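Protein chains in written order, with the working numbering: chain A, 481 to 897; chain B, 894 to 1212; chain C, -13 to 156. No residue lacks a Cβ here, since even glycine has one placed at the ideal position from N, Cα and C. Keep in mind it's a predicted model, so treat the numbers as computed, not measured. Heads up: the structure comes next, in structure tokens.
This is the structure:
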């Protein structure tokens, strides 16, 4: 299928393009930018007048829940690639399980689903999972999800083994003992409301451990969902010193802080917790500086999971359909141009994944594309969200930036034009 | 952010926390409590204010003592009181907190007195009542997790006002396990709202919450320094499970540093009063010589507690 | 409807007239109980005029009002203080204005929670009619009629002098 996307404002962070240019797609790839390839005969022309045409969003952390529903939510939100953690039910610690998930996602033909394999068997943090098999089944890296590796020697072995074969390890830095009973930032609000705290040191202690082991073993390390300014500073310093470490931040953490807990609002319960305003500012600066990519940390939950006291509520928010508007909202507040706004959800995550065919619109790239209206306002309501998860602290808010159409591998998978 | 404790006229409809309540409401509760205090001296120890109303004591966490004081207060107001010990019944069968509340709403409750182990549970209940259109039912927080115990805070304020007449020139010290104490949090909010110029928190770093200074208190680790020239000393109970080594080496070492002895009390003003929310651990946080001494007003607190709870219930029921 | 005479009668003179009505029927076991706030002032005044050995009792009926459900608790409740045992006493309940009779009912209920008096009489300065309960004053010095929206209240200035005030509620 040959498609021409015309009259749009083409934004491609990787190539620093922000211009009125037409885009030509053939065989699921980008075949021409600004100029049609010789003899190009479009079978379909999409008029993108008034819309931004950009690479499809890459979400480094999203829980798929009911696969079809959530992948539909993904493409509705302009997300064309999403990475899911291994602590699903069942745990992705066997190649067959990963293979089945990848196949199911491929059959649906919506967004690309890239699973993380379990680093240890059943995520118990003791024996290594079969990484090679998992890798072959489509797992892009290895992770513990939210589960800890308590034994630091086991962790060292895992790093060494992964480094041997060039596998990347993705971990959420959160010290088990410093965080196990907590459910809010250990700070002003948690102290006032009597919520058991998770100190920033839970994050920095874990980062210090992981960075040390990564430097010693040479493993390719990605830190998932930082929550503190101090943690961000450690990663920036390590990167400056040449350590092969990357990281991401949940997009909610750029907007919210511990103060948004208000009177025990369970929608403001996140893992890692929302921290101080200083931390929030530090995370924003880290993303703006390119130290961290953004993810939605999409966690669809039932209403009942939030209709309980704060400490008993499940953490997390629906995110796939809010990743784009929340990214734009952050960039608008930081007065960043659209290229800089979209880099943390396109080119930066593609680089973390090591995929030079994703996250940009250069010739030969995968034709994963999102067409959105930058200004169109829409209200976050349960009805307006396609995800089964209606859990969001932004319920009732008006957002600017609405995705209108999504293409994956040159196929239109979402169309609201 | 709208304070869920107040209606659109700024009147108190639930008592969930001292935090966020204007000074006028606190003073009104204390003044009303003064009027209830005399009732116990009469032949009929009851007034008909809540006649025909049903007060449900919902104790998701056991506390016979607190439940009894609420029960007495409600009965002195002529309300019907139902005690539901929920720890043993519905939650054990997997019913959620809000299922339980819906059930009780159908039993024509007028007021819920809630004790729960989770901080914020009474807020969840008040919020739910509003959502289902039953905000005619009033919620009184009888202690939620580490968050708040507002009627204890108010009775402490009543006690202080009774003995010290006003709040304007006082130096008040709160000593002990503030981290886990809902009483301490309510006291701190009440004291700062009522205009006490100096509130001190005394304890080891393991028992003090992070950023405590943000709540308007001065932090002391040395009790001798912290007690100096205080008008009021509020001792907190040290729970048994805190003494076993992780937060403190031992009860004995705690007593050495933070137990209130006659010698330490002598550093406070000569007319300082000593308060304790009870039950006391003699020899752990307080020496018997102090607990039974002339400066202790611990039993007065209990008496005032009933009047304060009557005041809270009658003000809520009228709004 | 008759409008109140203008100028309004002298409340202090009325207190003396009320004392004169009560004096012939005083017995050794008579005691006064004034209803806050106007009745309390009058009771204190009567106590002086009649040279009673005891202080008057003061009663706040907030906890006994029958409109609690609609109006809530009065913002300023004062402690009821009855400095004597009411059992077997002859009590004179004192109020400034007798109107619907509901205040008197509330006061009677409260009094009986203190014990069983031998008898209770009612002394008021003004009776404005419009009763809603079967209540009648034993002693009264001023009968008048007023429109419903008109409020007749007793005030006390900083020197302790009592005087009447009439206000219209729109």
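Range covered by the alpha helix (DSSP H) that runs through residue i
{"i": "residue 1114/B", "result": "No alpha helix (DSSP H) holds residue 1114/B; DSSP gives it neither H nor E."}
{"i": "residue 879/A", "result": "That residue, residue 879/A, is in no alpha helix (DSSP H); its beta strand (DSSP E) goes 878 to 888."}
{"i": "residue 1149/B", "result": "1144 to 1151"}
{"i": "residue 1048/B", "result": "1043 to 1057"}
{"i": "residue 669/A", "result": "668 to 673"}
{"i": "residue 833/A", "result": "827 to 833"}
{"i": "residue 587/A", "result": "575 to 588"}
{"i": "residue 694/A", "result": "680 to 697"}
{"i": "residue 1206/B", "result": "1191 to 1211"}
{"i": "residue 730/A", "result": "Here residue 730/A belongs to no alpha helix (DSSP H); instead the beta strand (DSSP E) covers 725 to 730."}
CB contact check: residue i to chain A, cutoff 9 Å
{"i": "residue 1039/B", "result": "yes"}
{"i": "residue 995/B", "result": "no"}
{"i": "residue 897/B", "result": "yes"}
{"i": "residue 1075/B", "result": "yes"}
{"i": "residue 1134/B", "result": "no"}
Short CB-CB distance (under 9 Å) between residue i and chain B
{"i": "residue 157/C", "result": "Residue 157/C lies beyond the range of chain C shown here (-13 to 156); nothing can be said about it."}
{"i": "residue 37/C", "result": "no"}
{"i": "residue 23/C", "result": "no"}
{"i": "residue 59/C", "result": "yes"}
{"i": "residue 576/A", "result": "no"}
{"i": "residue 751/A", "result": "no"}
{"i": "residue 15/C", "result": "no"}
{"i": "residue 54/C", "result": "yes"}
{"i": "residue 50/C", "result": "yes"}
{"i": "residue 874/A", "result": "no"}
Beta carbon proximity, residue i to chain C, threshold 9 Å
{"i": "residue 1190/B", "result": "no"}
{"i": "residue 1213/B", "result": "The shown model of chain B, from 894 to 1212, leaves out residue 1213/B, and the question about it has no answer."}
{"i": "residue 1212/B", "result": "yes"}
{"i": "residue 929/B", "result": "yes"}
{"i": "residue 1025/B", "result": "no"}
{"i": "residue 1208/B", "result": "yes"}
{"i": "residue 1055/B", "result": "no"}
{"i": "residue 1149/B", "result": "no"}
{"i": "residue 1118/B", "result": "no"}
Length of the line joining the Cα atoms of residue i and residue j
{"i": "residue 62/C", "j": "residue 23/C", "result": "11 Å"}
{"i": "residue 887/A", "j": "residue 843/A", "result": "16 Å"}
{"i": "residue 507/A", "j": "residue 483/A", "result": "9 Å"}
{"i": "residue 603/A", "j": "residue 707/A", "result": "23 Å"}
{"i": "residue 681/A", "j": "residue 779/A", "result": "25 Å"}
{"i": "residue 1191/B", "j": "residue 128/C", "result": "53 Å"}
{"i": "residue 656/A", "j": "residue 713/A", "result": "21 Å"}
{"i": "residue 824/A", "j": "residue 512/A", "result": "24 Å"}
{"i": "residue 718/A", "j": "residue 820/A", "result": "23 Å"}
{"i": "residue 923/B", "j": "residue 1205/B", "result": "9 Å"}
{"i": "residue 710/A", "j": "residue 773/A", "result": "17 Å"}
{"i": "residue 896/B", "j": "residue 1108/B", "result": "18 Å"}
{"i": "residue 42/C", "j": "residue 15/C", "result": "13 Å"}
{"i": "residue 591/A", "j": "residue 894/A", "result": "10 Å"}
{"i": "residue 550/A", "j": "residue 1144/B", "result": "54 Å"}
{"i": "residue 588/A", "j": "residue 559/A", "result": "15 Å"}
{"i": "residue 1039/B", "j": "residue 865/A", "result": "36 Å"}
{"i": "residue 1151/B", "j": "residue 1178/B", "result": "7 Å"}
Run of the beta strand (DSSP E) containing residue i, from where it starts to where it stops
{"i": "residue 718/A", "result": "Premise fails: residue 718/A lies in the alpha helix (DSSP H), 709 to 720, not in any beta strand (DSSP E)."}
{"i": "residue 1128/B", "result": "1125 to 1128"}
{"i": "residue 761/A", "result": "Segment 757 to 768 is the alpha helix (DSSP H) holding residue 761/A; no beta strand (DSSP E) there."}
{"i": "residue 45/C", "result": "43 to 45"}
Exercise. Would you list, in chain order, the members of the region 671 to 704 of chain A that have their beta-carbon closer than 8 Å to a beta-carbon of chain B?
Key: 671, 672, 673, 674, 675, 676, 677 and 679
Quiz item: What residues from the region 79 to 101 of chain C come within 9 Å of chain B, judged by C-beta to C-beta, listed N to C?
Solution: 95, 96, 98, 99, 100 and 101
Quiz item: Quick one: any contact between the region 783 to 790 of chain A and the region 679 to 691 of chain A, if contact means 3 or more CB pairs under 8 Å?
Solution: no
Quiz item: Taking one C-beta from the region 1078 to 1086 of chain B and one from the region 1040 to 1058 of chain B each time, how about it: are there three or more such pairs within less than 8 Å?
Solution: yes
Self-check item: Positions along the region 1086 to 1105 of chain B whose CB lies within less than 7 Å of some CB in chain A
Solution: Residues 1102, 1103, 1104 and 1105.
Practice problem: For the region 1004 to 1020 of chain B, enumerate the residues whose C-beta is nearer than 9 Å to any C-beta of chain C, in chain order. | Solution: Within the region 1004 to 1020 of chain B, no residue qualifies.
Exercise. Check whether the region 1089 to 1097 of chain B touches the region 1139 to 1157 of chain B, counting contact only when three or more Cβ pairs, one atom from each stretch, lie closer than 8 Å.
Key: yes
Quiz item: Name the residues in the region 787 to 809 of chain A whose C-beta lies less than 9 Å from a C-beta of chain B; which are they?
Solution: 787, 788, 789, 790, 791 and 792
Quiz item: Is the region 665 to 677 of chain A touching the region 515 to 534 of chain A, taking contact as three or more C-beta pairs under 8 Å?
Solution: no
Quiz item: Are there three or more Cβ pairs, one per stretch, closer than 8 Å when the region 964 to 983 of chain B is compared with the region 903 to 921 of chain B?
Solution: no
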